[in-house]
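Q: Residue numbers (the working numbering), protein chains in the order written: chain G, 2 to 409; chain F, 2 to 409.
C-beta atoms are modelled at their ideal positions from N, C-alpha and C, and glycine is treated no differently.
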């Protein structure tokens with residue numbers, strides 16, 4: 002009879018110190034003793050990656066991406082070795098592998114490589130020997146033996162890709178929270194843990210600010226229909242299942258409320274209202290690697306118009322410099338930078354078939370005297386840019402009025 | 002015209018922090034600009050290896066050697082990436098490689114692997130592109146893609162093996178001291194830096210306690226006649242050349258005095274004076290991985306004899322346990338452990354052709370009322386075990402009386 006195969010991924014906070022590594026080892030061994038074949042993907046210990054980035058920055062603020070991958074991939078290599086040792090200590094068999102050793106083949110895009118192929122023969126062979134297989138997350142290798150990394154949160158991707166390739170029965174993502182919440186529980190203590198959520202909703206929530214999982218890994222899980230279980234490594238309660246379709250009560254329109262305070266707004270005032278003007282600006286921004294998020298062009302009453310857009314705060318300086326340059330070229334009046342904004346969003350597949358969700362959202366904000374500066378919508382989400390000072394109250398009110406709070 | 006090729010090795014203290022890494026980068030770039038092809042071997046930053054060992058020990062005091070290699074090899078990987086970044090910052094081209102990437106093929110003996118073959122094609126190709134090639138020291142890879150390490154000080158071996166394989170014009174070992182000294186300058190301020198020393202003398206000195214280079218790397222250098230230059234990474238003065246033959250004044254008998262305080266002595270008293278008794282003891286010790294250094298069996302006047310031997314202090318507990326067990330079995334009287342000993346040695350190829358060097362050494366010690374407890378000799382060295390409290394004075398007197406001190 003074939004044994005079940007489970008892929009488990011433990012994030013950095015789950016292996017932040019000796020005691021936590023031991024706890025993960027215990028949990029892993031417990032699973033293994035239940036009769037599962039286990040493949041365990043581990044991130045770097047706690048803040049290791051940040052510390053290495055900081056060290057590199059002191060040496061070269063503009064480091065080669067190839068060398069960054071060389072540097073950062075050591076973090077996960079340390080984790081897998083230590084976890085293997087901890088499992089050995091408990092008397093079970095385990096073997097650790099780097100991404101390179103285990104055959105996670107990627108393209109050449111250092112620091113954001115894409116997985117091309119995984120050869121799981123080695124893993125299968127080790128599982129057959131009765132060993133727990135521990136794989137370094139976040140990293141891969143090119144055909145040319147160059148070490149690559151998969152971008153921030155890349156260990157999620159490693160786990161999902163392995164689960165797909167190994168046709169695992171389940172893929173568990175262990176983290177320091179209990180699962181996916183209807184909103185950030187630090188803002189709204191009434192936030193509920195979501196039992197089931199669709200890939201699409203999770204993707205939307207992740208890209209709108211929920212930081213539990215890497216968006217790319219959810220895309221891949223969706224593409225190959227890998228069911229994910231996001232749960233806490235600190236207890237044994239079940240967390241949130243991320244799956245294809247969720248059977249919901251008909252009146253559940255909104256699954257979650259997200260908040261993102263890491264954006265800034267730039268407004269280019271008095272832009273001559275002629276075709277092709279906006280294009281110039283966004284071309285220049287794209288060329289410089291500034292990724293623009295929302296864009297709003299006001300309806301113009303005169304011969305000129307205002308264009309507002311949001312960007313990541315980190316790109317503020319670069320973006321406002323470029324915008325000022327373009328403003329001069331095209332004869333715009335002024336460039337305004339506003340860092341005191343927040344994006345509050347509601348997410349839910351229920352919106353697709355229900356009208357009036359946007360209107361309800363705007364109404365809730367209006368009732369609370371919160372001014373909406375920009376709006377952006379997708380099939381399953383609506384985002385509003387508001388003043389940062391209104392952010393928390395907006396989240397709380399939306400959360401309550403869309404019926405997400407815990408039953409009293 | 003072919004350019005000169007230099008292999009440089011920088012030890013952990015030479016890359017202990019950001020500022021030192023930058024200094025090494027500067028030195029390397031300076032050499033490269035002089036027109037040399039450069040291959041740079043780097044150890045782990047400062048105390049990284051010790052810190053990783055400590056971390057592993059907390060998790061599993063008896064860790065798998067395979068996983069230890071997995072863990073420890075990250076130290077050098079961090080160093081090479083950072084050094085590459087530092088060189089890039091100075092505007093030069095450089096590329097870093099792990100032992101695995103660069104094709105340092107070893108056997109399967111984890112934590113003390115032996116190099117089988119090095120494929121230097123990759124290095125040559127990168128040098129041809131005008132790049133400085135940085136190689137992680139201390140590590141290799143098996144045919145099966147398993148990561149191995151070459152034992153403590155293994156980066157020296159990496160450098161020597163690369164120098165041999167690349168037929169380098171020179172192999173420079175950078176360290177935090179100025180070169181090889183006639184004795185430890187911390188004990189004897191009059192110690193002189195040795196300009197030239199033979200492989201054999203250096204080997205002897207290294208195995209007798211001088212910690213500048215890994216003994217195995219010197220063996221390999223000797224075997225393939227790779228000239229070594231041991232020098233400081235903190236200045237540009239030339240250090241010590243380690244070569245095949247040194248032209249010396251005829252009256253130079255002794256090249257250096259070494260001291261080793263890391264041994265302990267065990268005496269097994271009242272051993273029945275029958276053949277095969279000693280064998281039992283040393284077999285048991287060897288089986289348990291205790292490496293015995295000097296052995297002295299006292300001339301017996303009665304039917305029983307005493308056997309004394311020295312071991313590394315780290316093996317004390319294990320060794321005395323085993324000896325007590327054997328003592329019981331063979332009917333010996335008593336087992337004595339003495340940790341208050343030191344080994345003082347003189348080294349010099351000049352001894353080979355001169356008699357009376359040993360007598361002179363014993364005389365010097367006797368004149369200073371230093372009791373000799375054990376004696377061991379080789380072709381080019383004489384070692385005496387003395388009381389630890391006499392160690393420093395013994396070194397000073399031997400150093401002076403064999404004419405090694407600085408000219409006044």
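Going along the chain, which residues of the stretch 157-177 of chain G sit with their C-beta nearer than 8 Å to a C-beta in chain F?
A: So nothing in the stretch comes that close.
Q: Can you give, in chain order, each stretch of the beta strand (DSSP E) that sits fully within the stretch 236-309 of chain F and has at least 3 residues?
A: Within the stretch 236-309 of chain F, the complete beta strand (DSSP E) runs of at least 3 residues are 241-244, 257-261, 264-273 and 293-298.
Q: Which residues, taken in chain order from the stretch 195-218 of chain G, show a beta carbon closer than 7 Å to some beta carbon of chain F?
A: From the stretch 195-218 of chain G, no residue has a Cβ closer than 7 Å to chain F.
Q: Are the Cβ atoms of residue 37 (chain F) and residue 7 (chain F) separated by less than 7 Å?
A: The residue given as residue 37 (chain F) occupies position 36 in the second chain. The residue given as residue 7 (chain F) occupies position 6 in the second chain. In this structure, residue 7 (chain F) lies closer than 7 Å to residue 37 (chain F) by Cβ.
Q: Given 6 Å as the limit, tell me if residue 368 (chain G) has its C-beta closer than that to any heavy atom belonging to the ligand HEM.
A: No copy of the ligand HEM appears in this structure; indeed no ligand is present at all.
Q: By the DSSP assignment, the beta strand (DSSP E) with residue 1 (chain G) in it spans what residues?
A: With chain G covering only 2 through 409, there is no way to say anything about residue 1 (chain G).
Q: If contact means a Cβ-Cβ distance below 7 Å, which residues of the stretch 59-79 of chain F contact chain B?
A: Protein chains in the displayed structure are G and F, and chain B is not among them.
Q: For residue 9 (chain F), which beta-bridge partners are listed by DSSP?
A: Here residue 9 (chain F) refers to the residue found at position 8 when the second chain is read from its first residue. Answer is F:41 and F:173.
Q: Keeping to the same chain, check which residues put their C-beta closer than 8 Å to that of residue 390 (chain G); ignore five residues upstream and five downstream.
A: As a working note, residue 390 (chain G) is residue 389 in the first chain. Excluding positions up to five away in sequence, the list reads 341.
Q: Output, in chain order, the set of chain F residues within a Cβ distance shorter than 7 Å of residue 82 (chain G).
A: Start at 1 with the first residue of the first chain, and residue 82 (chain G) comes out as number 81. Correct list: 68, 71 and 72.
Q: Pick out whichever of G:171, G:185 and G:27 has its Cα sitting closest to the Cα of residue 231 (chain G).
A: On the first chain, residue 231 (chain G) is found 230 positions in, with the first residue counted as 1. For residue 231 (chain G), the nearest C-alpha among the options comes from G:171.
Q: Taking buried to mean at least 16 other C-beta atoms within 10 Å of its own C-beta, is residue 405 (chain G) buried or exposed?
A: For the purposes of this step, residue 405 (chain G) is taken as the residue at position 404 of the first chain. Flag for residue 405 (chain G) reads buried.
Q: Roughly how far, in whole angstroms, is the beta-carbon of residue 229 (chain F) from the beta-carbon of residue 174 (chain F), given that I think they are within contact range, below 8 Å?
A: The residue given as residue 229 (chain F) occupies position 228 in the second chain. The residue given as residue 174 (chain F) occupies position 173 in the second chain. That pair is a contact at about 6 Å.
Q: Whole angstroms is fine: what's the gap from residue 96 (chain F)'s alpha carbon to residue 343 (chain G)'s?
A: Along the second chain, read from residue 1 onward, the residue named residue 96 (chain F) stands at position 95. Along the first chain, read from residue 1 onward, the residue named residue 343 (chain G) stands at position 342. The alpha-carbon atoms of residue 96 (chain F) and residue 343 (chain G) are separated by roughly 43 Å.
Q: State whether the stretch 119-135 of chain F contacts the stretch 66-74 of chain F, with contact taken as three or more CB pairs (one from each stretch) at a distance under 8 Å.
A: Output reads no: the stretch 66-74 of chain F does not touch the stretch 119-135 of chain F.
Q: How would you write the range of the beta strand (DSSP E) that residue 388 (chain G) sits in, first residue to last?
A: The residue you call residue 388 (chain G) lines up with position 387 of the first chain. Here the beta strand (DSSP E) through residue 388 (chain G) covers 382-388.
Q: How would you list, in chain order, the residues of chain G whose beta-carbon sits under 8 Å from the beta-carbon of residue 89 (chain F)?
A: Locating residue 89 (chain F) in the second chain gives position 88, where the first residue counts as 1. Near residue 89 (chain F) (Cβ distances below 8 Å), the residues of chain G are 61, 64, 65 and 68.
Q: Hey, would you say residue 327 (chain G) sits closer than 7 Å to residue 264 (chain G), going by beta carbons?
A: For the purposes of this step, residue 327 (chain G) is taken as the residue at position 326 of the first chain. For the purposes of this step, residue 264 (chain G) is taken as the residue at position 263 of the first chain. It is not a contact, given that the beta carbons lie outside the stated cut-off.
Q: If we define contact as Cβ-Cβ less than 7 Å, is residue 85 (chain F) a contact residue for chain G?
A: Here residue 85 (chain F) refers to the residue found at position 84 when the second chain is read from its first residue. Judged by the 7 Å Cβ criterion, residue 85 (chain F) is in contact with chain G.
Q: Judging by CA-CA distance, which residue of G:33, G:374 and G:346 is the nearest neighbour of residue 309 (chain G)?
A: Here residue 309 (chain G) refers to the residue found at position 308 of the first chain. Comparing Cα-Cα distances from residue 309 (chain G) to each of G:33, G:374 and G:346, the minimum goes to G:374.
Q: Report the rounded CA-to-CA distance for residue 1 (chain G) versus residue 257 (chain G), giving the unit in angstroms.
A: This structure gives no information on residue 1 (chain G), because the portion of chain G shown stretches from 2 to 409.
Q: Would you identify the three-state DSSP class for residue 212 (chain G), choosing helix, strand or coil?
A: Stepping through the first chain from its first residue, residue 212 (chain G) is reached at position 211. Note: residue 212 (chain G) maps to coil in three-state DSSP.
Q: Any residues in the stretch 15-31 of chain F with a beta carbon nearer than 8 Å to a beta carbon of chain G? Which ones, in chain order?
A: Going along the stretch 15-31 of chain F in chain order, one finds 19, 22 and 23 with a Cβ nearer than 8 Å to chain G.
Q: Would you tell me roughly how many angstroms separate the C-alpha atoms of residue 382 (chain G) and residue 14 (chain G), rounded to the nearest one?
A: Position 381 of the first chain, counted from the first residue, corresponds to residue 382 (chain G). Position 13 of the first chain, counted from the first residue, corresponds to residue 14 (chain G). When rounded, the distance between both Cα atoms is 30 Å.
Q: Closest Cβ-Cβ distance between residue 57 (chain G) and chain F: below 7 Å?
A: The residue given as residue 57 (chain G) occupies position 56 in the first chain. Interface residue, yes.
Q: Can you give me the C-alpha to C-alpha distance between residue 206 (chain G) and residue 365 (chain G), rounded to a whole angstrom?
A: For this step, residue 206 (chain G) is matched to residue 205 along the first chain. For this step, residue 365 (chain G) is matched to residue 364 along the first chain. Looking at the two C-alpha atoms, the distance is approximately 20 Å.
Q: In whole angstroms, what is the alpha-carbon distance linking residue 181 (chain G) and residue 336 (chain G)?
A: Counting from one through the first chain, the residue named residue 181 (chain G) turns up at place 180. Counting from one through the first chain, the residue named residue 336 (chain G) turns up at place 335. Roughly 39 Å separates the two Cα atoms.
Q: What does residue 146 (chain F) touch in chain G if you count any residue whose Cβ is under 7 Å from its own?
A: Residue mapping note: residue 146 (chain F) aligns to position 145 of the second chain, counting from 1. Residues of chain G passing the Cβ test: 102.
Q: Which value, in whole angstroms, describes the spacing of the CA atoms of residue 139 (chain F) and residue 296 (chain G)?
A: Numbered from 1 along the second chain, position 138 holds the residue referred to as residue 139 (chain F). Numbered from 1 along the first chain, position 295 holds the residue referred to as residue 296 (chain G). Between residue 139 (chain F) and residue 296 (chain G), the C-alpha separation is close to 54 Å.
Q: Using the rule of at least 16 other Cβ atoms within 10 Å of the residue's Cβ for burial, across every protein chain shown, is residue 448 (chain G) buried or exposed?
A: Any question about residue 448 (chain G) goes unanswered here, given that chain G covers just 2 to 409.
Q: For residue 2 (chain F), count the other beta carbons within 10 Å of its own beta carbon; 16 or more makes it buried, fewer makes it exposed. Which is it?
A: Counted from its first residue, the second chain places residue 2 (chain F) at position 1. Low per-residue confidence applies at residue 2 (chain F): pLDDT is 42, beneath 50, and the placement is therefore not dependable enough to give any value.
Q: Which word fits residue 395 (chain G), buried or exposed, when buried means at least 16 other C-beta atoms lie within 10 angstroms of its C-beta?
A: Here residue 395 (chain G) corresponds to residue number 394 of the first chain, with the count starting at 1. That one is buried.
Q: Check the Cβ of residue 97 (chain F) against every Cβ in chain G and list those closer than 8 Å, keeping chain order.
A: Within the second chain, residue 97 (chain F) is the residue found at index 96, counting from 1. Ordered by position in chain G, the residues that pass the 8 Å Cβ test against residue 97 (chain F) are 68 and 71.
Q: For residue 356 (chain F), report the span of its alpha helix (DSSP H) as first-last.
A: Mapped onto the second chain, residue 356 (chain F) falls at position 355. Here residue 356 (chain F) belongs to no alpha helix (DSSP H), and DSSP marks it neither H nor E.
Q: Quick check on DSSP: helix, strand or coil for residue 189 (chain G)?
A: Sequence index remark: in the first chain, residue 189 (chain G) carries index 188 (1-based). The answer is coil: DSSP assigns residue 189 (chain G) none of H, G, I, E or B.
Q: Can you look up residue 138 (chain F) in the DSSP assignment and give me helix, strand or coil?
A: What you label residue 138 (chain F) is simply residue 137 of the second chain in a count that begins at 1. It is coil, neither helix nor strand.
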